[in-house]
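Protein chains in written order, with our numbering: chain D, 63 to 479; chain B, 63 to 479. Below: one structure, written as structure tokens.
If you want it as structure tokens, here you go:
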């Protein structure tokens with residue numbers, strides 16, 4: 063319990079719940095539940111209360127939610143997008159028939175209603191939350207990324223890449239798809255040998271290692287997660303890779319000059335208010351004929367993340383629309399060359415992660431506790447659903463400086479033969 | 063003279079000019095000229111006045127502008143971006159050393175100063191001018207596209223495509239590059255046979271013919287240029303193509319249903335105020351799993367077109383930034399799959415057009431008059447410079463409906479082997 067409290071996943075007060083309610087289900091309970099499910103766009107699910115009888119059974123339902131007590135029902139009615147996650151984590155809610163399928167049915171229905179994410183939190187000023195000062199960023203990143211390298215090792219690939227992989231063929235392994243992703247990024251920014259690269263937000267350092275090993279690039283890789291940087295440094299030392307320097311610092315403090323600027327999976331944590339600042343950093347470091355690549359989770363339509371994800375899993379994070387991303391580029395006249403949407407690749411990546419995660423769930427429960435394990439299972443399943451239904455996108459944007467004519471005519475060089 | 067007046071290229075009053083000034087060049091003339099050239103960011107050009115002596119000779123200059131009289135000098139000082147075009151057209155200004163090179167030197171310098179296009183027209187409310195009501199649009203399109211099919215035939219390819227071609231190899235012919243462009247568009251929207259296509263802004267009907275012939279598509283192609291539609295209908299009849307219906311109507315009046323929505327080179331004339339309206343038309347016609355493609359001239363940074371182009375060549379037109387283009391997609395939750403920038407392909411296309419144009423300039427002078435011929439030469443040369451320097455971009459955006467999972471994993475299908 064201590065560990066999950068530390069990580070802020072579930073407030074301790076919640077564990078008083080997890081009770082099967084022995085009280086009679088009232089007609090009022092059923093009426094409130096029906097109204098709640100209707101308000102979510104009538105997803106194709108069944109729902110039962112603590113007496114085990116289905117109250118809702120919508121057409122096409124293959125999954126079933128059981129709400130085990132009245133307090134959880136009332137919390138759901140108050141704020142479903144926060145308390146579904148909390149009450150699922152603490153065991154006050156169970157899902158039968160597959161959590162991914164359930165989340166997908168719900169996501170499809172809620173997508174239909176459009177406004178639900180905003181509607182459920184009318185006073186939620188989400189842009190304020192993604193302001194992300196230097197110290198906020200450190201705290202937010204620590205919350206998620208410093209859960210322990212041992213935890214992430216259980217379900218990520220060998221290179222420890224915690225970003226969308228690339229599946230040129232649908233049935234390749236996670237390991238192969240992560241290597242294909244790194245190769246795709248290197249090809250898009252036209253690495254050929256010896257380039258000076260700045261990487262903003264390097265995770266456990268996998269892409270920087272790849273660029274140094276495969277292309278002889280000289281990479282300066284920045285990250286504010288202490289544990290990730292320590293891991294990356296140690297691993298580069300062990301593998302005898304000398305072309306990479308890992309620096310524990312914020313992207314706003316990046317200086318120097320580079321031929322290539324890459325950022326894979328950091329923008330989600332930057333916050334729209336800081337996009338212009340990120341552009342400024344790129345503008346002050348990128349050479350005249352350099353190339354840049356930003357890889358980020360995104361959205362078709364500007365909406366805050368589901369409150370539970372934003373509060374419990376990824377504090378301070380926000381997936382931008384393409385329009386919002388342009389705030390990085392336009393103020394500095396950067397020239398966008400290419401944009402690719404890899405949405406379904408992220409659904410596949412998450413499926414691979416979930417498979418490994420579930421195979422190691424016993425160990426994860428031992429490392430943390432059951433509610434933590436359930437919360438992260440929900441996060442992975444919900445993310446699969448979000449990418450499958452299109453609530454989330456994955457944008458890779460390639461850019462250069464305004465007027466750089468040293469650009470390839472076609473995109474053949476981006477694709478492996 | 064009548065014809066050019068009709069087409070509004072140059073006001074008749076201008077032809078009183080074209081005089082070599084016999085008056086002495088004053089020190090004041092020289093001082094004003096130096097200030098003008100400095101304000102343009104000191105381009106690498108030489109400039110002489112009517113006595114033929116160089117007043118400005120900037121480092122790296124390979125071209126030379128001669129201003130033949132004081133009235134032209136004063137007009138340039140008042141509004142260089144309008145009157146350079148007018149006075150070049152009417153012969154009050156001459157350029158030695160190549161018009162493209164000259165325009166490129168000027169564009170590079172002005173790009174450096176950033177604000178010049180706005181600065182020279184402080185009260186110019188350009189967004190108002192691109193409001194484009196139904197009747198404005200008809201007038202604007204008539205101004206440019208109804209100059210006569212015989213005119214455009216002199217310098218376009220055989221299929222009469224008046225949009226950016228695609229050069230998978232740099233030295234292919236214009237004809238081959240236009241076919242490659244049509245093939246690229248068809249591949250991007252995944253034509254395979256029998257799809258119902260709506261084309262908004264079909265020019266002389268080339269792409270629609272290609273889609274019908276090569277893919278058996280059933281195309282409904284819209285255009286408000288009377289002459290273009292008449293040409294397209296006649297040509298389809300002659301070639302025995304039955305899969306295409308050409309409709310003389312505005313994109314705002316498009317109804318029906320389609321599997322593919324394409325628009326190649328129309329958005330420039332739509333105006334930012336109408337992007338949402340265009341999105342609505344797409345939303346009301348595109349099938350659930352359909353694909354769309356918008357191909358348009360664009361910009362890195364939102365700025366009005368050079369005033370001369372906007373007034374004399376393309377009234378009511380505006381090249382959007384990517385951010386501005388998103389107003390077509392985001393309000394309807396369309397899902398952007400892919401964006402490619404073909405800027406240098408347009409420079410090459412224009413070089414091909416210019417080559418044919420210059421080879422036929424004698425005939426063009428006979429069809430219109432010399433000032434018309436000079437105006438259009440300037441437009442083509444200036445456009446080459448704009449695409450070479452990055453003042454203009456060419457964006458191709460592929461999209462589908464929110465949540466459509468029937469999308470290819472990679473972009474191999476877009477590229478010819």
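Each residue gets a CB set at the ideal place from its N, CA and C atoms; glycine is no exception.
Where residue i meets chain D, residues with beta-carbon distance less than 8 Å
i, result
"residue 247 of chain B", "Those within 8 Å of residue 247 of chain B in chain D number zero; the least Cβ separation is about 15 Å."
Partner residues on chain D for residue i, Cβ-Cβ distance less than 7 Å
i, result
"residue 508 of chain B", "As shown, chain B starts at 63 and ends at 479. That puts residue 508 of chain B outside it, with no answer to give."
Interface residues of chain B facing residue i [CB-CB closer than 8 Å]
i, result
"residue 451 of chain D", "465"
Contact belief for residue i with residue j at Cβ below 8 Å, rounded distance in angstroms
i, j, result
"residue 389 of chain D", "residue 338 of chain D", "6 Å"
"residue 242 of chain B", "residue 267 of chain B", "Contact doesn't hold; Cβ gap of about 18 Å is too wide."
"residue 478 of chain D", "residue 473 of chain B", "Rounded, the Cβ-Cβ distance is 12 Å, inconsistent with contact."
"residue 324 of chain B", "residue 308 of chain B", "Their Cβ separation, rounded to whole angstroms, is 14 Å, which puts residue 324 of chain B and residue 308 of chain B out of contact at 8 Å."
"residue 251 of chain D", "residue 460 of chain D", "7 Å"
"residue 273 of chain D", "residue 246 of chain D", "That belief does not hold up - the Cβ atoms of residue 273 of chain D and residue 246 of chain D are roughly 12 Å apart, past 8 Å."
"residue 458 of chain B", "residue 361 of chain B", "Contact doesn't hold; Cβ gap of about 15 Å is too wide."
"residue 42 of chain B", "residue 343 of chain B", "Chain B is shown from 63 up to 479; residue 42 of chain B falls before or after that span and cannot be answered."
"residue 378 of chain B", "residue 333 of chain B", "7 Å"
"residue 249 of chain D", "residue 476 of chain D", "5 Å"
"residue 373 of chain D", "residue 144 of chain D", "7 Å"
"residue 331 of chain B", "residue 202 of chain B", "7 Å"
"residue 394 of chain D", "residue 345 of chain D", "4 Å"
"residue 435 of chain D", "residue 427 of chain D", "5 Å"
Contacts of residue i in chain B (Cβ-Cβ under 9 Å)
i, result
"residue 473 of chain D", "402, 473, 476, 477"
Where residue i meets chain D, residues with beta-carbon distance less than 9 Å
i, result
"residue 395 of chain B", "173, 176, 362, 363, 452"
"residue 469 of chain B", "403, 405, 406"
Any C-beta of chain E under 7 Å from that of residue i
i, result
"residue 280 of chain D", "Structure shown: chain E not included; protein chains present are D and B."
Checklist entry - Are the region 414 to 425 of chain D and the region 133 to 150 of chain D touching, with three or more C-beta to C-beta distances below 8 Å? => result Too few Cβ pairs lie closer than 8 Å, so no.
Item to check | Short-range partners of chain B found in the region 397 to 408 of chain D, where Cβ spacing is below 9 Å | outcome: Only those residues of the region 397 to 408 of chain D whose C-beta falls short of 9 Å from the nearest C-beta of chain B are listed: 397, 398, 399, 400, 401, 402, 403, 404, 405, 406, 407.
Next on the checklist: At 4 residues or longer, what runs of the alpha helix (DSSP H) sit wholly inside the region 114 to 185 of chain B?
Outcome noted: 132 to 140, 142 to 151, 161 to 175, 178 to 181, all fully within the region 114 to 185 of chain B.
Checklist entry - Which ranges does the alpha helix (DSSP H) cover as unbroken runs of at least 4 residues, wholly within the region 198 to 251 of chain D, from first to last along the chain? => result Entirely contained in the region 198 to 251 of chain D, the alpha helix (DSSP H) runs reaching 4 residues are, in chain order, 211 to 215, 236 to 250.
Next on the checklist: Short of 9 Å Cβ to Cβ, which residues in the region 226 to 237 of chain D face chain B?
Outcome noted: Those residues of the region 226 to 237 of chain D that come within reach of chain B (Cβ to Cβ, closer than 9 Å) are 228, 229, 230, 231, 232.
Next on the checklist: Closer than 8 Å is the cut-off here; do at least three beta carbon pairs connect the region 383 to 400 of chain D with the region 353 to 370 of chain D?
Outcome noted: Contact between the region 383 to 400 of chain D and the region 353 to 370 of chain D is present, because at least three Cβ pairs lie under 8 Å.
Next on the checklist: Does the contact criterion of 3 or more C-beta pairs under 8 Å hold for the region 285 to 302 of chain D versus the region 261 to 276 of chain D?
Outcome noted: Contact between the region 285 to 302 of chain D and the region 261 to 276 of chain D is established, with three or more Cβ pairs separated by less than 8 Å.
Item to check | Where the region 101 to 117 of chain B meets chain D: residues whose CB sits under 9 Å from a CB there | outcome: Cβ contacts with chain D come from no residue of the region 101 to 117 of chain B.
Next on the checklist: Under 8 Å, with one C-beta from each stretch per pair, do the region 220 to 235 of chain D and the region 303 to 315 of chain D reach the 3-pair mark?
Outcome noted: Under the 8 Å Cβ criterion, the region 220 to 235 of chain D does not count as touching the region 303 to 315 of chain D, having fewer than three qualifying pairs.
Checklist entry - Hey, is the region 390 to 410 of chain D in contact with the region 433 to 449 of chain D, meaning 3+ C-beta pairs nearer than 8 Å? => result They touch, by the three-pair rule.
Checklist entry - Does the count of Cβ pairs from the region 374 to 388 of chain D and the region 377 to 385 of chain B closer than 8 Å reach three? => result At 8 Å Cβ cutoff, the stretches touch.
Checklist entry - Hey, which unbroken runs of the alpha helix (DSSP H) at 4 residues or more fall wholly within the region 418 to 471 of chain D? => result Restricted to the region 418 to 471 of chain D, the alpha helix (DSSP H) segments that are unbroken, complete and at least 4 residues in length are 423 to 429, 432 to 451, listed in chain order.
Checklist entry - Touching or not, the region 106 to 125 of chain B and the region 79 to 90 of chain B, by the rule of three or more beta carbon pairs under 8 Å? => result Remark: three or more beta-carbon pairs, one from each stretch, lie closer than 8 Å, so the region 106 to 125 of chain B and the region 79 to 90 of chain B are flagged as touching.
Checklist entry - Do the region 155 to 172 of chain D and the region 451 to 466 of chain D make contact, defined as three or more Cβ pairs closer than 8 Å? => result When C-beta atoms of the region 155 to 172 of chain D are compared with those of the region 451 to 466 of chain D, three or more pairs fall below 8 Å, so the two segments count as touching.
Checklist entry - Three or more beta-carbon pairs under 8 Å between the region 393 to 400 of chain B and the region 343 to 354 of chain B, yes or no? => result Yes: the two stretches touch, three or more of their Cβ pairs being nearer than 8 Å.
Next on the checklist: So within the region 254 to 282 of chain B, which uninterrupted beta strand (DSSP E) runs reach at least 3 residues, ignoring any that extend past its ends?
Outcome noted: Listed in chain order, they are 258 to 262.
Next on the checklist: Taking 8 Å as the cut-off, does the region 226 to 245 of chain D touch the region 198 to 216 of chain D (at least 3 CB pairs, one atom from each stretch)?
Outcome noted: Contact between the region 198 to 216 of chain D and the region 226 to 245 of chain D is absent, because fewer than three Cβ pairs lie under 8 Å.
Next on the checklist: Below 8 Å, how does it come out for the region 431 to 442 of chain B and the region 150 to 157 of chain D: are there three or more Cβ pairs, yes or no?
Outcome noted: Between the region 431 to 442 of chain B and the region 150 to 157 of chain D, the count of C-beta pairs closer than 8 Å stays below three; the two stretches do not touch.
Next on the checklist: Extract the residue ranges of the beta strand (DSSP E) inside the region 307 to 367 of chain B, only unbroken runs of 3 or more that lie entirely within it.
Outcome noted: Within the region 307 to 367 of chain B, complete beta strand (DSSP E) segments of at least 3 residues are found at 320 to 326, 348 to 360, given in chain order.
Item to check | beta strand (DSSP E) runs wholly inside the region 85 to 117 of chain B, at least 3 long, in chain order | outcome: Note on the region 85 to 117 of chain B: whole beta strand (DSSP E) runs with a minimum of 3 residues are 108 to 110, in chain order.
Checklist entry - What are the complete beta strand (DSSP E) segments, minimum 3 residues, inside the region 383 to 410 of chain D? => result Taking 3 residues as the shortest admissible run, the region 383 to 410 of chain D contains the following complete beta strand (DSSP E) segments, listed from N- to C-terminal end: 397 to 403.
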